[in-house]
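For reference, the structure is listed below as structure tokens.
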Amino acid sequence: MVYETIAFALFALITVGCSLGVVLVQDIWHSALLLGGALLSVAVHYVMLQAEFLAAMQVLVYVGGVLILITFAVMLTRINPEVSST
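Using this note's numbering, the first residue of the sequence shown is number 12, and each one after it goes up by one.
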């Protein structure tokens with residue numbers, strides 16, 4: 012029982028820390044990586060609640076789909092400061 016509480020508190024701190032990092036970090040790439048960490052830690056909370064299907068859907072849909080879409084958007088829209096538009 013005490014191990015479950017410690018694990019819950021650990022992953023709750025990871026979730027809150029990553030979520031704050033998403034909002035406070037200036038670099039969009041690091042923000043996307045922190046969003047992935049927050050979404051994965053939410054999936055761990057689902058596993059701890061014995062909702063394995065929800066955890067699998069969280070990883071497949073949000074981490075696998077939305078985060079990859081954000082990653083492609085960041086890579087395709089990033090401005091290269093070395094190239095000057097004249």
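Even for Gly, the Cβ is constructed at its ideal location relative to N, Cα and C.
In angstroms, rounded to a whole number, what distance separates the CA positions of residue i and residue j?
i, j, result
"cysteine 29", "leucine 46", "7 Å"
"phenylalanine 83", "alanine 66", "24 Å"
"methionine 12", "valine 55", "17 Å"
"asparagine 91", "isoleucine 81", "18 Å"
"threonine 16", "glutamine 37", "33 Å"
Kindly indicate the opening and closing residues of the alpha helix (DSSP H) around residue i.
i, result
"leucine 71", "Leucine 71 -> no alpha helix (DSSP H), and no H or E assigned at all."
"glutamate 15", "13-35"
"isoleucine 90", "No alpha helix (DSSP H) holds isoleucine 90; DSSP gives it neither H nor E."
Would the beta-carbon of residue i fall within 8 Å of that of residue j?
i, j, result
"alanine 18", "valine 33", "no"
"leucine 21", "alanine 43", "no"
"valine 85", "isoleucine 39", "yes"
(message) For the segment 15-28 against the segment 74-82, do three or more pairs of beta-carbon atoms, one drawn from each stretch, fall closer than 8 Å, so that the two count as touching?
(response) No contact exists between the segment 15-28 and the segment 74-82.
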